[in-house]
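Here the protein sequences line up with chains A and B, keeping their order. When we follow the working numbering, the leftmost residue of the first sequence carries the number 1, and every step to the right adds one. When we follow the working numbering, the leftmost residue of the second sequence carries the number 1, and every step to the right adds one. Using N, Cα and C, we set each Cβ at its ideal position, and we do this for glycine too.
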Amino acid sequence: MKTRHPLALGLALSTALAAALAPVPGLAAGASDSDTERQARWTEIATSIFGDRKIEPTDTLIKVDAPARAMDAALVPITLTMPEKDKIKGVHFIIDDNPSPYAAHFTFGPAADPGELKLRVRINNYTNVHAVAETTEGKLFEAQKFVKASGGCSAPMGMSDEEAMRGMGDMKMKFSGDAQSGKPVEATLMIRHPNFSGMQMNQVTRDYTPARYINKVTVSYGDANVFTMDGDISISSNPVINFAFVPKGNGPIKVAATDNQGGQWQHSFTAPSPSN
Amino acid sequence: MVGRRTGRKPHDAEDGGIARRTARDLGFIGARAVTRSLSRRQAVFGGLCLCCLPSLGRAAAEAFEMREVGPGVFVRCGLHEEATAENADAIANIGFIVGRDGVLVTETGGSLADGQWLRAEIRKRTDKLIRHVVLTHVHPDHCFGAAAFAEDKPIIIGHPALRGALEARGAYYRQRLAEILGADRTGSVVYPTQAVTDGAEIDLGDRTLRLTAHGTAHTNCDLSMLDTGSGLLFPADLLFVNRIPSLDGSLVGWLKEAERLKGMGAARAVPGHGPASVELAPALADLTRYLGTLRDETRRAIASDVPIEKAVQSVAQSERDHWLLFDSYNGRNVTQAYKELEWE
């Protein structure tokens, strides 16, 4: 009953094709799917991302928080919590019923404190979202949550494309808390970028604004990697990522971002350095 | 009751008809409010407000009244609901002005069906040509009635940014509305044929309409009008009364444009949502109190690292009792405000 094509799984999206084949977003399409249908869909997606690797359910290694009903489908705040953070190597985030489900993949580096991650995503449909944690031992653990939202990927932005692209690549970084050697510091990275989904239509040209999205963000502290994120069209415009890092030695904190159309941006921020 | 809560009369003189509503009408509202799981507060609020009268289909929508709120100025109140198949998206205040040389449609309605109803109401009252149709901004509850006036070949007036906004969103709105109403009742996207800039005037012979194209506020294409014939200001959705304002442009910009409305020399206005006409100053004071609270508390949340998912639950909660549909829109408004203000 649902037509999907494997190319639209995300993180390697062929933009024109995805736009052409994207299902017409319905008001509550997907709302009536049975649990069995949802599970079948997840199995299919998981297989295409992880192959035949086993994914175990977990209540302890990763938790996903999202509003049960999105207030703004184009900006749904997601919190991923990984209490046993020393065991976590990376996190995958998947929005099952989005046209391009594989929203983001984070891998953590030595300067990371992978206890918590926050991001903002588009959700196009009533859907399960899955967070899959990858442990340092190479095992996979999943947590899921059901979110009611509609139209997040195709919703037009409140401005022209030109306006939406103004300041593209600008960044801000906010830090909270005092830095103490070995203690994690929370940080918020903000990137100006429209993250066009390829599903936002311009009626005059009868065409879709081509997908243009941040596909990689690398954050490092001094010489040590904090995290690398592979991103896709499901990340909201003007991406904001909350993360934590452990300051050892001196910064700065550096961010390098690229988009799928060859855009490259680098910024350096003075990170709070340990006071002792 | 409402008056005590909000510090003002529930409605102004034009709404005196409420007192004459029958008990059956009010009972009907109560029953409907319960089935829609509205709170008692909202049910009571709704029961007192003629503008909140629900309707079941277009037949019941005939119960809508066009009221003459000024000489030759007719307004119908929209429902304080979301668009449904039953209400045909008749949720905005719409109406028309009859001048010596013709009719100007001040707001077209939320669907082809709503626009057709409006056109029929015009024709009950005058045979004059419908020369002008105003699209006050891009939102579907204000735009989709325009298709009903195609045969009149009017000049379609809009903000310079309206065309671009309709190009970006029109098809999307149409599709979403068609899912609710069906395509045949939804209508097509109608584009402005004349973009107006500040100070443009429309001469209807015995009265003039002075138009203002506003900076980004409620949306990026808000147009207001001042009618010299009645002295009424038509701020459209720059002014919400009773129904919670919805933010889709710029919060800082809206507060700025609200100041501008104050200086336009009008004592009374026809809000985009709410009673057919209100005293401008107190209505603007309520609006700016909400928007100011939204701005200040969102800024505070950002400054103290309250994340967006927490801010949507805490910001502007003191305003909850003052607005209908608060729970449906406030969180979304906070989201809009947060993403605007976090880049300051």
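Quick one: what's got a C-beta closer than 7 Å to B/E62's C-beta in the same chain, skipping five residues either side? Note that B/E62 scores a pLDDT of 46, beneath 50, so its modelled location is shaky; the value from the coordinates is reported in the next line. Nothing listed; no residue qualifies.
Can you tell me whether DSSP reads B/D152 as helix, strand or coil? helix
May I ask you to verify whether the segment 94 to 112 of chain A touches the segment 215 to 223 of chain A, counting CB pairs closer than 8 Å and requiring at least 3? yes
Reducing DSSP to helix, strand and coil, say where B/W254 ends up. helix
Does the Cβ-Cβ distance between B/T136 and B/E107 come in under 9 Å? yes
Reducing DSSP to helix, strand and coil, say where A/H105 ends up. strand
Between B/L247 and B/H273, is the Cβ-Cβ spacing less than 9 Å? no
Residues within the segment 304 to 334 of chain B neighbouring chain A, beta-carbon criterion of under 7 Å: D305, P307, I308, E309, V312, G331, R332
For B/R210 and B/L226, which I take to be in contact (beta-carbon distance under 8 Å), what is that distance rounded to the nearest angstrom? 5 Å
Alpha carbons only, please: which of A/D97, A/W42, A/V240 is nearest the one belonging to A/C153? A/D97
Helix, strand or coil, according to DSSP, for B/G231 in the structure here? coil
Proximal residues, the segment 67 to 91 of chain A versus chain B, C-beta separation under 8 Å: P67, M71, D72, L75, P77, T79
Determine whether the Cβ of A/P156 lies closer than 9 Å to any Cβ atom of chain B. yes
Counting only the same chain and skipping the five closest in sequence on each side, list residues whose C-beta sits under 8 Å from that of A/V226. F108, G109, A111, A112, V219, S220, F243, F245, I253
With a cut-off of 8 Å on the beta carbons, I'd call A/V132 and A/I55 a contact; round off their distance for me. 6 Å
In DSSP terms, what A/E142 is bridged to: A/P57, A/V132
Keeping to the same chain, check which residues put their C-beta closer than 7 Å to that of A/I95; ignore five residues upstream and five downstream. P101, A103, V121, I123, T127, V129, S234
Where A/V91 falls: helix, strand or coil (DSSP): strand
Report the three-state DSSP secondary structure of B/D321 (helix, strand or coil). helix
Are the beta-carbon atoms belonging to A/I139 and A/L80 less than 9 Å from one another? The sequence shown places Lys at residue 139 of chain A, rather than the Ile named in the question. For A/K139 and A/L80, no; Cβs fall outside 9 Å.
Scan the segment 180 to 192 of chain A for residues whose Cβ lies nearer than 9 Å to a Cβ of chain B and list them as they occur along the chain. E186, T188, M190, R192
At which residues does the alpha helix (DSSP H) containing A/E84 begin and terminate? Segment: none, A/E84 is in no alpha helix (DSSP H) and carries neither H nor E.
Taking only three categories from DSSP, how would you classify B/I94? strand
Straight-line CA distance for A/L75 to A/E84? 28 Å
Return the residue from the list B/T186, B/A200, B/P154 that minimises the CA-CA distance to B/P192. B/P154
One question on the structure: do B/V196 and B/A168 come within less than 9 Å of each other, judged by their Cβ atoms? no
For B/G164, would you say it is in contact with chain A, using Cβ-to-Cβ distances shorter than 9 Å as the test? yes
What are the residues of the segment 166 to 184 of chain B that lie near chain A, defined by any Cβ-Cβ distance shorter than 8 Å? L166, E167, A168, R169, G170, A171, Y172, Q175, R176, E179, I180
For B/F74, the first and last residue of its enclosing beta strand (DSSP E): 73 to 76
Count the CB pairs spanning the segment 140 to 150 of chain B and the segment 93 to 111 of chain B that are closer than 8 Å, and state whether there are at least three. yes
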